[in-house]
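J.: Residue numbers (my numbering), protein chains in the order written: chain E, -11 to 305; chain R, -11 to 305; chain C, -11 to 305; chain W, -11 to 305.
For glycine and all other residues, C-beta sits at the position ideal for the given N, C-alpha and C.
These numbers come from a predicted model, not from an experiment.
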């Protein structure tokens, strides 16, 4: 089951769980997968930036991806294959596809600047992995420092039939979604799936601009799923109510450098992973920060109770 | 009345209001000043990045600063004097102090990288403006690309007695406030005032970490004033309630590049300035974005009503 | 006499001479102008990056430009008008044109990244200064961090009839010259003048790729003039002999940050300016560095004698 | 035989030779090794930036390093182990040391900015590889964007006894060598070996400032060896004569992005490698560029003949 342009819904970005001594924690992978399935996720993405992919050795990367693929069963898994060189990218892409991945995600290398450099990079990447593997463009300027205009994205989409999705995490990025959907409307770009990232910080409006869903790692994926469902059902105010209830914590998670520490801490407190350990280099939460997250989680529970949300998935039937 | 290390409260960052044809709108300056005074602001900051300072000619900069100083009466005014060269910085700093400014704010030039380069830059800047003008360090890595560690800030503070305040807008920055307050506690740095910026996105917790107040341009300064007052009065939950009510809009304002357009649009809708015009280069809001802001303002009014806040200043007596 | 697309030859980038106390040294401006005329320069460029333009107050900038324009008489003077805002750019551009400048030079602001941002910036700049002032694109990625592809330059040229020249200082940049001349050959871009900068480090081959001359501040402008003349006369080996004789010193000058200190020191030793003082921030030469420059100047004199060049201008018959 | 602080002489940075189809060319590795030995190199460095290390798969990296180690016999080999994550760095470092490497070279990751971030990174790296492997700091701001002050280098040296060498390629960097040697003289830093890179562009003066030799990939390593030997023998003018003869070509090689293409082309023309192929992404030389290199090689041969150098090693006995 390969990824295609009709993909929608929520693909949580999965963290890579570690034991406190740095070993990969397979049991927590399993628990995460169960939670994603239970929450109603459409798929999942592994070995992304938040998955600490560059800290893994090649064999570990493969083992992590494989375990997620197995445990997620029917759910499509997208694997990040970004690498400093194309040899490693090709090798990882082919192996994970053989193991059952639905597609791969490719981020540009940070040194790219001009439009031509960016389209040239994707040309070489697709030459390396071949034209048959569905791929996702990761557009994340804040971290990657590469700025892709809508026109550049259109060029990549039109040049490569195997491009099926944009992971949109430009900031600000609402107008970019509108521009791309405009290209589709005027016939200058074939339709693709757009899932949004950036921690979910603008998910409420991204859905209204035409996104198909979310691909991000917020520690309460059921909120992402709820907002996406409610917006698709046209229940705008409810979608914003749910989103706003989570925004104080979501905003707290959205801190460059310590965001993953917050996320793993919340997932650990929620029982989804056993430890919030990161491999080095990685920021640890101070006692004060842990107290702040505890406080926000308490307020979230209270606010959800007020709204009658109860911390569970919002069915949008 | 010069700025000193005891400064606290809220210093809104004032936008520079323009007529649609690009001329400076003095009447709107007056109206902004009245609103700041009515809201209970402690002072104000003009000619900052959000004040479109680089788009003004020197005579205009001086005229804008002077008008704010006059109209704000007893309230201390801080004037941004950041400039590519020290000659212009010295000239502007001296003139505005003669006209009644309380102090000046200096941002590092974007090319600085190492700790020594940063401390060296402030050394030359203070040599240029002289040791008698109270100054504020602007620490805004997201826009300025200069990263100052707590130790670097301490060096600048200890070297220059005229350094009285840090405009803190690192992101993430909570641990930085704790580190600086720790330096004061262990005696390695004399106490200074810390006002936080970054659009207010973490103001709720910044106050708990030891900030003295806020210096930022969120279009509802009364919220900033309310949160600062409530936190100082130890009314934590109420502070967060007020903050959270505004967070969806505040988050929307916090978009690099279009943030000022959102801010001016809200200020215009609130009647604080006559036009949301910016000088070029400047991003305009799309119709979709205006609709989103309208929607958020509507939800804010409703939420404030629910909380019994009524859109007015929260007295923390 | 306005600058047009037929401009060629050598336009030295003039430093701004200061007295040791930081005042502008008008006498040295006069001496520089005499030397440029005597050496056979075609024109000159003032208030560039090497002219310490950002360290001047507006009135000083105007005074410096005006004096150069007066003293250079019939020689066309290009004035750098790059500024953080368009108000200052427009104001300076109009005033210097009234005083007799031949054209202006505009560098992009360092924050520009995508092709559209760059062309958009020039659109706004030309809207600000008006369509009647001949302008030069400054393409200097090493310092400005903005990367313009040949296609972007072509877009700017085609959109703005008042664009008459490219100051080419990309590094590496030889293929860029070939690409632009190729655009002219295939009819997709109207012809413009291309003068090369980058300290002259590739002038020998830039002329062979189709450059029209040089616009840079190497402290022996007669070498630049000689190489340009010899190459135009088809005397390739002699051009390289002359160039290679200067390369050890030219290479030494080409050090980011201290290059201007080297250049001013050499100009002072040659008697072209009275002092090598820079305004702050500015790097000073260590005693060791001065010794190295002295040594290189000695070797240059010896090598020129060997080649029978005698330190004077090479007439290209 | 492990690398220690007494290392001196020339360690060419070895390219990784490929067949035109992208396979590694082991025969050319052997030929390069023979040439380095014949030229009098002291050692060699492999898997550096110029060695296209990020384009190799892990098994290939190991194979390349191992072959160089075997073929260079008694000559010490330094292996670049820079990696996005510490797991891969530790794994490669340990394996190559077991296979006979003399030490490893570690470059900082490009995201580091403050002094504390840089020293913290090396702390984590050494924790990962352990305290027993001699390591080289690579200080290459132009490519890596990380700026290390002399004080930061001193901190790393003092904290880690296994730090034995600095690969110095700051630009400009002459004062940095003087500063570090000054630290040794005043007793604040223990002595280390300093070999200089940056293509050799300032090797002539770097030796005079106190460098112990060169570690760079200029395609005529015998020139580097000659200049180092002559300078050590106090034959300054001869060292500069030799250096200046090569400077036109060396300068041409020193072009970011295409430099490796020039270098491989020259090595191929000299018969040291069979093909100038690079793995993607990699810039190819245009016909014009190849013609320019041919011309410069011709001029070099002529100039060496004039100077009686004959293209061979200059014995400094």
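1) Mind reading off the beta-carbon distance from residue 145 of chain E to residue 106 of chain E? Whole number of angstroms is fine, and I expect it under 8 Å.
2) At a cut of 8 Å, does the region 114 to 122 of chain C reach the region 75 to 87 of chain C through at least three beta carbon pairs?
3) Touching or not, the region 205 to 218 of chain R and the region 22 to 32 of chain R, by the rule of three or more beta carbon pairs under 8 Å?
4) Between residue 111 of chain R and chain W, is there a C-beta pair that is closer than 8 Å?
5) Please name the residues in the region 244 to 272 of chain W whose beta-carbon is closer than 7 Å to at least one beta-carbon of chain C, in chain order.
6) Helix, strand or coil for residue 33 of chain C, going by three-state DSSP, please let me know.
7) So, for residue 191 of chain R: in the same chain, excluding its five sequence neighbours on each side, which residues have a beta-carbon less than 7 Å away from its beta-carbon?
8) Can you tell me which residues form a DSSP beta bridge with residue 181 of chain C?
9) Hey, out of W:9, W:86, W:108, W:96, whose CA is closest to residue -10 of chain W's CA?
10) So, with DSSP's three-state summary, where would you put residue 67 of chain C?
11) Thinking C-alpha only, which one of C:58, C:150, C:124 is nearest residue 157 of chain C?
12) Using a threshold of 8 Å, state whether the C-beta atoms of residue 249 of chain E and residue 272 of chain E are closer than that.
13) Counting only the same chain and skipping the five closest in sequence on each side, list residues whose C-beta sits under 6 Å from that of residue 186 of chain E.
14) For the region 279 to 295 of chain W, which residues have a beta carbon sitting closer than 7 Å to at least one beta carbon of chain C?
15) What did DSSP end up calling residue 92 of chain C once you bin it into helix, strand or coil?
16) For residue 121 of chain C, does the three-state DSSP call read helix, strand or coil?
17) Does residue 207 of chain W come out as helix, strand or coil in the three-state DSSP assignment?
18) Can you tell me which residues form a DSSP beta bridge with residue 12 of chain W?
19) Please state whether the Cβ-Cβ distance between residue 31 of chain C and residue 63 of chain C is less than 8 Å.
20) By the criterion of Cβ-Cβ separation under 9 Å, what are the contact partners of residue 44 of chain E in chain W?
21) Can you tell me whether residue 258 of chain W is buried or exposed? The criterion is at least 16 other CB atoms within 10 Å of its CB, across all chains shown.
22) Determine the DSSP secondary structure at residue -7 of chain C, reduced to helix, strand or coil.
23) Report the rounded CA-to-CA distance for residue 285 of chain R versus residue 266 of chain E, giving the unit in angstroms.
24) What number of angstroms, rounded off, separates the C-alpha of residue 57 of chain W from the C-alpha of residue 51 of chain W?
25) By the three-class DSSP mapping on this structure, what secondary structure does residue 200 of chain W have?
26) Does DSSP put residue 146 of chain W in a helix, a strand or coil?
27) Do you know whose CA, among E:59, E:67, E:43, lies nearest residue 73 of chain W's CA?
28) Taking Cβ to Cβ, would you say residue 35 of chain W is nearer than 8 Å to residue 68 of chain W?
29) Taking only beta-carbon positions, decide if residue 189 of chain W is within less than 8 Å of chain C.
30) Could you pull the start and end residues of the alpha helix (DSSP H) that residue 247 of chain C belongs to?
31) Using only the alpha-carbon positions, how far apart do residue 224 of chain C and residue 287 of chain W sit?
32) If you draw a straight line from the alpha carbon of residue 242 of chain R to that of residue 281 of chain E, how long is it in whole angstroms?
33) What's the C-alpha gap between residue 92 of chain W and residue 122 of chain W?
34) Locate the alpha helix (DSSP H) running through residue 40 of chain C, then write down its first and last residues.
35) Taking all protein chains shown into account, decide if residue 194 of chain W is buried (16 or more other Cβ within 10 angstroms of its Cβ) or exposed.
36) How would you list, in chain order, the residues of chain C whose beta-carbon sits under 8 Å from the beta-carbon of residue 235 of chain W?
T.: Inspection of the coordinates gives the following:
1) On the first chain, residue 145 of chain E is found 157 positions in, with the first residue counted as 1. On the first chain, residue 106 of chain E is found 118 positions in, with the first residue counted as 1. So it is not a contact: roughly 13 Å between Cβ atoms.
2) At 8 Å Cβ cutoff, the stretches touch.
3) As far as the Cβ criterion goes, the region 205 to 218 of chain R touches the region 22 to 32 of chain R, which means the pair count is three or higher.
4) Counting from one through the second chain, the residue named residue 111 of chain R turns up at place 123. Not an interface residue.
5) Correct list: 244, 245, 246.
6) Taking the first residue of the third chain as 1, we reach residue 33 of chain C at position 45. Residue 33 of chain C falls in the strand class under three-state DSSP.
7) By 1-based counting over the second chain, the position of residue 191 of chain R is 203. Excluding positions up to five away in sequence, the list reads 184, 202, 212, 215, 231.
8) Within the third chain, residue 181 of chain C is the residue found at index 193, counting from 1. Answer is C:153, bridged to residue 181 of chain C.
9) Looking up residue -10 of chain W in the fourth chain gives position 2. Closest option to residue -10 of chain W, Cα to Cα, is W:86.
10) Looking up residue 67 of chain C in the third chain gives position 79. Secondary structure at residue 67 of chain C: strand, using DSSP grouped into helix, strand and coil.
11) Mapped onto the third chain, residue 157 of chain C falls at position 169. Selected option, being the one with the closest Cα: C:124.
12) As a position in the first chain, residue 249 of chain E is number 261, starting the count at 1. As a position in the first chain, residue 272 of chain E is number 284, starting the count at 1. Between residue 249 of chain E and residue 272 of chain E, the CB-CB gap stays under 8 Å.
13) Here residue 186 of chain E refers to the residue found at position 198 when the first chain is read from its first residue. Within the same chain, residue 186 of chain E has close Cβ partners 157, 159.
14) From the region 279 to 295 of chain W, only 280, 287 have a Cβ closer than 7 Å to chain C.
15) Within the third chain, residue 92 of chain C is the residue found at index 104, counting from 1. It is a strand residue.
16) Start at 1 with the first residue of the third chain, and residue 121 of chain C comes out as number 133. Judged by DSSP in its simplified three-state form, residue 121 of chain C adopts coil rather than helix or strand.
17) Within the fourth chain, numbered from 1, the residue matching residue 207 of chain W stands at position 219. The answer is coil: DSSP assigns residue 207 of chain W none of H, G, I, E or B.
18) Here the question's residue 12 of chain W lines up with position 24 in the fourth chain. Beta-bridge analysis with DSSP links residue 12 of chain W to W:6.
19) Within the third chain, the letter at position 43 stands for residue 31 of chain C. Within the third chain, the letter at position 75 stands for residue 63 of chain C. A contact, by the Cβ cut-off of 8 Å.
20) Along the first chain, one-based indexing puts residue 44 of chain E at 56. Neighbours of residue 44 of chain E on chain W, chain order: 73, 75, 76.
21) Residue numbering aside, residue 258 of chain W sits at position 270 when the fourth chain is read from its first letter. Around the CB of residue 258 of chain W, fewer than 16 other CB atoms lie within 10 Å, so the residue is classed as exposed.
22) If you number the third chain from 1, residue -7 of chain C lands on position 5. In the structure shown, residue -7 of chain C sits in coil (DSSP, three-state: anything other than H, G, I, E or B).
23) For the purposes of this step, residue 285 of chain R is taken as residue 297 along the second chain, with counting starting at 1. For the purposes of this step, residue 266 of chain E is taken as residue 278 along the first chain, with counting starting at 1. CA-CA distance, residue 285 of chain R to residue 266 of chain E, rounds to 40 Å.
24) Taking the first residue of the fourth chain as position 1, residue 57 of chain W is located at position 69. Taking the first residue of the fourth chain as position 1, residue 51 of chain W is located at position 63. Their backbone Cα atoms lie some 10 Å apart in a straight line.
25) Working through the fourth chain from its first residue, we reach residue 200 of chain W at position 212. Reduced to three states, the DSSP call for residue 200 of chain W is coil.
26) If you number the fourth chain from 1, residue 146 of chain W lands on position 158. Here residue 146 of chain W sits in helix by DSSP.
27) One-based indexing of the fourth chain puts residue 73 of chain W at position 85. Comparing C-alpha distances from residue 73 of chain W to each of E:59, E:67, E:43 shows the shortest one belongs to E:43.
28) To locate residue 35 of chain W, count along the fourth chain from 1; it is residue 47. To locate residue 68 of chain W, count along the fourth chain from 1; it is residue 80. Going by C-beta atoms, residue 35 of chain W is nearer than 8 Å to residue 68 of chain W.
29) Along the fourth chain, read from residue 1 onward, the residue named residue 189 of chain W stands at position 201. So yes, residue 189 of chain W belongs to the interface.
30) Here residue 247 of chain C corresponds to residue number 259 of the third chain, with the count starting at 1. That run of the alpha helix (DSSP H) goes 247 to 257.
31) Residue mapping note: residue 224 of chain C aligns to position 236 of the third chain, counting from 1. Residue mapping note: residue 287 of chain W aligns to position 299 of the fourth chain, counting from 1. The alpha-carbon atoms of residue 224 of chain C and residue 287 of chain W are separated by roughly 12 Å.
32) Here residue 242 of chain R refers to the residue found at position 254 of the second chain. Here residue 281 of chain E refers to the residue found at position 293 of the first chain. Rounded to the nearest angstrom, the two C-alpha atoms are 22 Å apart.
33) Start at 1 with the first residue of the fourth chain, and residue 92 of chain W comes out as number 104. Start at 1 with the first residue of the fourth chain, and residue 122 of chain W comes out as number 134. Straight-line Cα distance between these residues: approximately 6 Å.
34) Counting from 1 along the third chain, the entry for residue 40 of chain C is found at position 52. Element bounds for residue 40 of chain C: n/a, residue is neither H nor E.
35) Numbered from its first residue, the fourth chain carries residue 194 of chain W at position 206. Burial call: buried.
36) Counting from 1 along the fourth chain, the entry for residue 235 of chain W is found at position 247. The contacting residues are 232, 235, 236, 239.
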